[in-house]
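Asks:
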């Protein structure tokens, strides 16, 4: 199971400023060292919130990642984030 | 022996310190104002208890602990409790906290806990995140007391079932009260009600849900058997990915061991995810009327 690596990329992008800056500039290069399956790699490189959620990434990490990508939280951002997940239900997130 | 003079379970939602900053400007969300009043009531309760030491039970929102090494229950025994994380200070404008840790009590809880069947992890190097600093800043803004931080996993599955959080809470109370030191100790926990930060139902849980009403009724009735029965990860997660944060309240309820809190308020409106404010006096904990 490679879900752990998805969570780890999201975590590092949100919590490690150096990795985050590099990742958001060139996601494809910066996920190369992680053990990811093709769908996970595509979702991370395209920063596809909906796909990451469907792949079982931890919602709190997806949200932190999205806040970082947005350069901070706002009410408008939160509504936009929730709209991207419309119709989805929570699934398994264990690594 | 030490004396437990107060037990509190309070929220750690960053919307509260933001509301506290905006209140003097008349710009706070009206739905948050009752929460600020509840914090003030619990602060007065804690002051009246005249504690010498605070045992603080908080979590970590992937600030430092991650799935490479995830503790379920951990005693923090560094020399100081420092926090919150810099990114939390930047994002929400949170006030920093830097307090001495009561190392003798931390080591006593760790060792005595092992004898009581709780294999606490321990750490001598950590940062306390907002789940410690927000309750501390609201409940003891004087920053004049030493603390002992206990970290609990509320976020990364699998987590222990609810009965274990209640049991560990009860053990913490027992071993603290057996500490060979004539100090007055308050226990401050934190938790959520329904919460879905980061998932599709995020906006829905910012109002009182049926689940919140049901669990609140069980808390008011002191029905720990039913509360713990309904507090597995799967059951809580079904009501929002952050709802397992309720286990923080379960741990405080376990420490209360059936005692009725004289302060109990549920806050559920559009200003923040639903949260509980619970406070027990020394008399409450001993089952006395006054």
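Chains as they are written, first to last, in my numbering: chain A, 2 to 96; chain B, -11 to 278. Backbone N, C-alpha and C define an ideal beta-carbon position, used for all residues, glycine too.
#1: In the region 187 to 216 of chain B, which residues sit with their C-beta less than 7 angstroms from some C-beta in chain A, listed in chain order?
#2: Note down the Cα distance separating residue 259(B) from residue 191(B), rounded to an integer number of angstroms.
#3: Please report the distance separating the alpha-carbon of residue 58(B) from that of residue 12(A).
#4: May I ask you to list, following chain order, the residues of the region 29 to 41 of chain A that have a beta carbon less than 9 angstroms from some beta carbon of chain B?
#5: By DSSP's criteria, residue 260(B) is part of a beta bridge. Which residues make up the other side?
#6: Can you check whether the C-beta of residue 25(A) is within less than 8 angstroms of a C-beta belonging to chain B?
#7: Identify the contact partners of residue 73(A) in chain B, using a Cβ-Cβ distance below 7 angstroms as the criterion.
#8: Since residue 49(B) meets chain A, which of its residues come closer than 7 angstroms, beta carbon to beta carbon?
#9: Return the chain-ordered ranges of every alpha helix (DSSP H) run that is complete within the region 219 to 248 of chain B and spans a minimum of 4 residues.
#10: So what's residue 114(B) in DSSP terms, helix, strand or just coil?
#11: Taking any Cβ of chain A, which residues in the region 57 to 88 of chain B have a Cβ under 9 angstroms from it, in chain order?
#12: Counting only the same chain and skipping the five closest in sequence on each side, list residues whose C-beta sits under 7 angstroms from that of residue 166(B).
#13: Taking DSSP's pairing of strands, which residues face residue 199(B) in a bridge?
#14: Starting from residue 69(B), follow the beta strand (DSSP E) in both directions and report where the run begins and ends.
#15: Under DSSP, the beta strand (DSSP E) around residue 137(B) begins and ends at which residues?
#16: Between residue 23(B) and the rest of its own chain, which residues show a CB-CB distance below 6 angstroms, the 5 nearest in sequence each way excluded?
#17: Near residue 16(B), which residues of its chain fall below 6 angstroms by C-beta distance, leaving aside the five closest residues on each side in sequence?
#18: I'd like to know whether the C-beta of residue 153(B) is nearer than 8 angstroms to at least one C-beta of chain A.
#19: Taking Cβ positions, are residue 55(B) and residue 8(A) nearer each other than 8 angstroms?
#20: How would you list, in chain order, the residues of chain A whose beta-carbon sits under 7 angstroms from the beta-carbon of residue 143(B)?
#21: Rounded to the nearest angstrom, what separates residue 110(B) and residue 94(B) at their Cα positions?
#22: Can you tell me which of 274(B), 273(B), 234(B) and 186(B) puts its alpha carbon nearest to the alpha carbon of residue 290(B)?
#23: Would the region 114 to 134 of chain B and the region 61 to 76 of chain B be scored as touching if the rule is three or more Cβ pairs under 8 angstroms?
#24: So is residue -1(B) buried or exposed if we call it buried at 16+ other beta carbons inside 10 Å?
#25: Provide the residue span of the beta strand (DSSP E) that contains residue 88(B), from first to last.
#26: Three Cβ pairs or more, each shorter than 8 angstroms: is that satisfied between the region 141 to 157 of chain B and the region 212 to 225 of chain B?
#27: Quick test of your reading: residue -6(B) and residue 39(B), contact by CB under 8 angstroms. State the CB separation rounded to the nearest angstrom.
#28: Here's the rule I'm using: 16 or more other beta-carbon atoms within 10 Å means buried, otherwise exposed. How should residue 200(B) be labelled?
Replies: In this structure, then:
#1: From the region 187 to 216 of chain B, only 187, 188, 190 and 191 have a Cβ closer than 7 angstroms to chain A.
#2: One C-alpha to the other measures close to 10 angstroms.
#3: Looking at the two C-alpha atoms, the distance is approximately 14 angstroms.
#4: If the cut-off is 9 angstroms between Cβ atoms, the region 29 to 41 of chain A has nothing near chain B.
#5: Beta-bridge pairing links residue 260(B) to 257(B).
#6: It does not: the Cβ of residue 25(A) has no partner Cβ on chain B nearer than 8 angstroms.
#7: Simply 79.
#8: Within chain A, the residues near residue 49(B) are 61.
#9: Secondary structure within the region 219 to 248 of chain B: the alpha helix (DSSP H) runs of 4 or more consecutive residues, fully enclosed, are 221 to 225 and 234 to 244 (chain order).
#10: In the structure shown, residue 114(B) adopts coil according to DSSP, grouped into three states.
#11: For the region 57 to 88 of chain B, which is checked against every Cβ of chain A, the residues closer than 9 angstroms are 73, 75, 78, 79 and 80.
#12: Cβ neighbours of residue 166(B) within its own chain (closer than 7 angstroms, five residues either side excluded): -11 and 100.
#13: Answer by DSSP bridge pairing: none, since residue 199(B) is not bridged.
#14: Where residue 69(B) is concerned, the enclosing beta strand (DSSP E) stretches over 68 to 71.
#15: 135 to 140 is the span of the beta strand (DSSP E), which, as asked, contains residue 137(B).
#16: Contacts found: 4 and 255.
#17: Hits under 6 angstroms: 7 and 10.
#18: Taking Cβ atoms only, chain A never reaches closer than 8 angstroms to residue 153(B), which makes this a no.
#19: A Cβ-Cβ contact shorter than 8 angstroms links residue 55(B) with residue 8(A).
#20: Neighbours of residue 143(B) across chain A, judged by C-beta separation under 7 angstroms: 61.
#21: It is roughly 9 angstroms from the alpha-carbon of residue 110(B) to the alpha-carbon of residue 94(B).
#22: This structure does not reach residue 290(B), given that chain B is present from -11 up to 278, and the question cannot be answered.
#23: Yes, since at least three Cβ pairs between the region 114 to 134 of chain B and the region 61 to 76 of chain B fall closer than 8 angstroms, the two stretches touch.
#24: Note on residue -1(B): 16 or more other CB atoms within 10 angstroms of its CB, so buried under the neighbour-count rule.
#25: Note, residue 88(B): beta strand (DSSP E), 85 to 88.
#26: The region 141 to 157 of chain B, when compared against the region 212 to 225 of chain B, does touch it at the 8 angstroms Cβ threshold.
#27: With 8 angstroms as the limit, residue -6(B) and residue 39(B) qualify as a contact, their Cβ atoms being about 6 angstroms apart.
#28: With 16 or more other CB atoms across the displayed protein chains lying within 10 angstroms of its CB, residue 200(B) is buried.
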